[in-house]
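Just below is one structure, and these are the notes that go with it.
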């Protein structure tokens, strides 16, 4: 282009055309011409600053000066476009390098499913791709103690890492620290520490640190790449943490399922048969496991000992308390030489009171003993409800507790009571998951509804009575979740 301009000026009568930088001749046409100084000059500008001059020798008219100024403007425009094009090519090349680097990062981390291994991979790849002297990652999540990795070797004291994590957490943006910011900690030759927070859902879970032995002015591409690596790492950390959470949930479901199987295996697998008595029992936990249980035991005196209990709360704590209480009750009901419901409850309080005190929990228990020979039902009640007695020829009523639940007091305040259990009489011992069931309007089922339901169902077999109670709960609760365990024992007097 400059050669063509020189040809045009020479055709217009100029003896020489050239480019000057300050007072130094850079290029002249025709080549080899000796020129002391030009007769006409026009400045060359780049980004608002002078970068040289166009000069003409042999012409001095105003028209020639105006033409030279136009030529200079043309050269300025071409220079600016060339510089912008080179910058764009540089940016594209840098972006391509970053994309290739991120692709390599993705290839190295996509198979990582372990948090520790992922921390290691992020640290190593970040150091390699950004050409840092060293790198570190410090990860903190609710389910993990801090996990950290230095690569290739620790260049910072360990006790500084939590402080750097806190700084990243507070800033929520990348921070470039210099030797002035960390005068006591950066080793010789390390000029900068670039600290990048790694976040999930707006919460900082990790900090990626890059230590450079170059000045800040030379780091721009690598700092951008470091940020891109951190953003990519966020995706992989989220995937790994979700994977670990899924494994944990699967393990928990498996453990709860096993606990449920064990809990149900503790219940009687087959109900005893007694002349003159129709019986049925069932349990429906609110969660995988619950705190309710029931027992049946034949006694050497031919009586039938039975219990129904409700441990405070629900879920695993209640299930653990239920398991301890069930073991004591079942053993005592079978092997105590002399047994009454009161003595059975007293034995459980004696053996378990310290455990109740340590856990701050308690258990309600209704204990019964049925004598087939005389159709006599003996019972004691430690804080348990509802227990409904529905005589064949009288209204249904509650058999209320005369003592607090087991675990409240160290002494047994229960007394034994007896009633005649004739043909057509029905005893329904349930847990408060029935009486306290809630409908969509937040109303409780209540004792009165239970009494009315018991009377309406009294002419049915024990199994059907229990099934109807559960159906009533389902109808009443609607789409409301079951809030508490629902366990029921039904005894009905029948002809021998």
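Residue numbers (our numbering): 5 to 500. Just so it is clear, CB atoms sit at the ideal spot from N, CA and C, and this is done for glycine as well.
Give me the Cα-Cα distance between residue 431 and residue 455, rounded to the nearest whole angstrom.
Translated into the one-based positions of the chain shown, residue 431 becomes position 427. Translated into the one-based positions of the chain shown, residue 455 becomes position 451. Answer to the nearest angstrom: the Cα atoms are 11 Å apart.
Runs of 3 residues minimum, wholly inside the segment 14-89: which ones carry the beta strand (DSSP E) assignment?
Residue ranges of uninterrupted beta strand (DSSP E) with 3 or more members, entirely inside the segment 14-89 and ordered along the chain, are 20-25, 28-33, 44-50, 53-61.
Identify whether residue 469 lies in helix, strand or coil by the three-state DSSP scheme.
Looking up residue 469 in the chain shown gives position 465. Under the three-state reduction of DSSP output, residue 469 falls in the helix class.
Residue from 411, 184, 163, 170 whose Cα sits closest to the Cα of residue 358
Numbered from its first residue, the chain shown carries residue 358 at position 354. Among 411, 184, 163, 170, the Cα nearest to that of residue 358 belongs to 411.
Note down the Cα distance separating residue 142 from residue 240, rounded to an integer number of angstroms.
Locating residue 142 in the chain shown gives position 138, where the first residue counts as 1. Locating residue 240 in the chain shown gives position 236, where the first residue counts as 1. Approximately 15 Å, taken between the alpha carbons.
Less than 8 Å separating the beta-carbons of residue 210 and residue 168?
For the purposes of this step, residue 210 is taken as residue 206 along the chain shown, with counting starting at 1. For the purposes of this step, residue 168 is taken as residue 164 along the chain shown, with counting starting at 1. At least 8 Å separates the beta-carbon of residue 210 from that of residue 168.
What are the start and end residues of the alpha helix (DSSP H) that includes residue 131?
As a working mapping, residue 131 is identified with position 127 in the chain shown. Segment 119-134, the alpha helix (DSSP H) holding residue 131.
With distances taken Cα to Cα, identify the nearest neighbour of residue 31 among 51, 54, 5, 17.
To locate residue 31, count along the chain shown from 1; it is residue 27. Selected option, being the one with the closest Cα: 5.
Within this structure, are the beta carbons of residue 441 and residue 480 separated by less than 8 Å?
Locating residue 441 in the chain shown gives position 437, where the first residue counts as 1. Locating residue 480 in the chain shown gives position 476, where the first residue counts as 1. Result yes, Cβ atoms of residue 441 and residue 480 sit closer than 8 Å.
Nearest to residue 124 (by Cα), restricted to the options 420, 237, 415, 42:
Within the chain shown, residue 124 is the residue found at index 120, counting from 1. Of the residues 420, 237, 415, 42, the one whose Cα lies closest to the Cα of residue 124 is 237.
What ranges does the alpha helix (DSSP H) occupy inside the segment 339-400, keeping only unbroken runs of at least 4 residues that lie completely in it?
The qualifying runs are 345-363.
Rounded C-beta distance between residue 282 and residue 499? I'm assuming under 8 Å.
As a position in the chain shown, residue 282 is number 278, starting the count at 1. As a position in the chain shown, residue 499 is number 495, starting the count at 1. About 10 Å; that fails the 8 Å criterion.
Whole angstroms is fine: what's the gap from residue 249's alpha carbon to residue 217's?
Locating residue 249 in the chain shown gives position 245, where the first residue counts as 1. Locating residue 217 in the chain shown gives position 213, where the first residue counts as 1. In this model, residue 249 and residue 217 are separated by some 39 Å (Cα to Cα).
Below 8 Å on the Cβ atoms is my guess for residue 43 versus residue 23; work out the distance and round it to an integer in Å.
As a position in the chain shown, residue 43 is number 39, starting the count at 1. As a position in the chain shown, residue 23 is number 19, starting the count at 1. Distance from residue 43 to residue 23 at the Cβ level is roughly 15 Å; contact not present, criterion being Cβ atoms closer than 8 Å.
Near residue 267, which residues of its chain fall below 7 Å by C-beta distance, leaving aside the five closest residues on each side in sequence?
Locating residue 267 in the chain shown gives position 263, counting from the first residue. 293, 323.
Within a Cβ cutoff of 6 Å, which residues of the same chain sit near residue 27, ignoring the five residues on either side of it in sequence?
The residue you call residue 27 lines up with position 23 of the chain shown. Excluding residues up to 5 positions away in sequence, nothing lies with its Cβ nearer than 6 Å to the Cβ of residue 27 in the same chain.
Is it the case that the Cβ atoms of residue 299 and residue 272 are separated by a distance below 8 Å?
Numbered from its first residue, the chain shown carries residue 299 at position 295. Numbered from its first residue, the chain shown carries residue 272 at position 268. Closer than 8 Å, so yes.
Checking the sheet assignment: what are the DSSP bridge partners for residue 179?
Walking along the chain shown from the start, residue 179 turns up at place 175. Beta bridge pairing from DSSP links residue 179 with 199.
Short of 8 Å in beta carbon distance, which residues of its chain neighbour residue 220, apart from the five on each side in sequence? Order them along the chain.
Along the chain shown, read from residue 1 onward, the residue named residue 220 stands at position 216. Around residue 220: 180, 182, 195, 196.
Taking its Cβ as the centre, do 16 or more other Cβ atoms sit within 10 Å of residue 449, making it buried, or is it exposed?
Along the chain shown, read from residue 1 onward, the residue named residue 449 stands at position 445. Buried.
Residue 443 versus 484, 253, 208, residue with shortest Cα-Cα distance
As a first step, residue 443 is located in the chain shown; it is residue number 439 there, counting from the start. Closest in alpha carbon position to residue 443, among 484, 253, 208, is 484.
I need the boundaries of the alpha helix (DSSP H) containing residue 267, first residue and last residue.
For the purposes of this step, residue 267 is taken as the residue at position 263 of the chain shown. Unbroken alpha helix (DSSP H) run through residue 267: 224-270.
Where does residue 294 fall in DSSP's three states?
By 1-based counting over the chain shown, the position of residue 294 is 290. If DSSP states are grouped into helix, strand and coil, residue 294 belongs with coil.
Measure the C-alpha to C-alpha separation of residue 189 and residue 163 and round it to an integer number of angstroms.
Here residue 189 refers to the residue found at position 185 when the chain shown is read from its first residue. Here residue 163 refers to the residue found at position 159 when the chain shown is read from its first residue. Near 11 Å, if we compare the C-alpha coordinates of residue 163 and residue 189.
Hey, how far is the Cα of residue 4 from the Cα of residue 203?
Examination of residue 4 is not possible in this model, given that the chain is present from 5 through 500 alone.
Between the segment 251-267 and the segment 221-235, are three or more C-beta pairs nearer than 8 Å?
Output reads no: the segment 221-235 does not touch the segment 251-267.
Assign residue 127 to buried or exposed, taking buried as 16 or more other Cβ atoms, counted over all protein chains shown, within 10 Å of its Cβ.
For the purposes of this step, residue 127 is taken as the residue at position 123 of the chain shown. Flag for residue 127 reads buried.
Would residue 345 and residue 420 be called neighbours here (beta carbons separated by less than 8 Å)?
Within the chain shown, residue 345 is the residue found at index 341, counting from 1. Within the chain shown, residue 420 is the residue found at index 416, counting from 1. The answer is yes: Cβ separation under 8 Å.
If you count every other CB in all the chains shown that lies within 10 Å of the CB of residue 435, and 16 or more means buried, which is it?
As a position in the chain shown, residue 435 is number 431, starting the count at 1. Residue 435 comes out buried.
Helix, strand or coil: which one does DSSP assign to residue 214?
Counting from 1 along the chain shown, the entry for residue 214 is found at position 210. When DSSP states are grouped into helix, strand and coil, residue 214 belongs to the strand group.
Output the boundary residues of the beta strand (DSSP E) element that contains residue 273.
Against the chain shown, residue 273 aligns to sequence position 269. Premise fails: residue 273 is in no beta strand (DSSP E) and is neither H nor E.
Can you tell me which of 63, 83, 62 puts its alpha carbon nearest to the alpha carbon of residue 53?
Start at 1 with the first residue of the chain shown, and residue 53 comes out as number 49. Checked all of 63, 83, 62; the closest Cα to residue 53 is 83.
Please go through the segment 420-456 and give each complete alpha helix (DSSP H) segment of 4 or more residues, from N-terminal end onward.
Along the length of the segment 420-456, whole alpha helix (DSSP H) runs at least 4 residues long occupy 436-439, reported in chain order.
How far does the beta strand (DSSP E) with residue 493 in it extend, from its first residue to its last?
In the chain shown, residue 493 corresponds to position 489, counting from 1. First-last of the beta strand (DSSP E) with residue 493: 490-497.
Report the partner residues of residue 140 according to the DSSP bridge assignment.
Position 136 of the chain shown, counted from the start, is the residue given in the question as residue 140. Beta-bridge partners of residue 140 (DSSP): 154, 213.
Here's the rule: buried if 16 or more other CB atoms are within 10 angstroms of the residue's CB, otherwise exposed. What is residue 502?
There is no way to answer for residue 502, as the model of the chain reaches only from 5 to 500.
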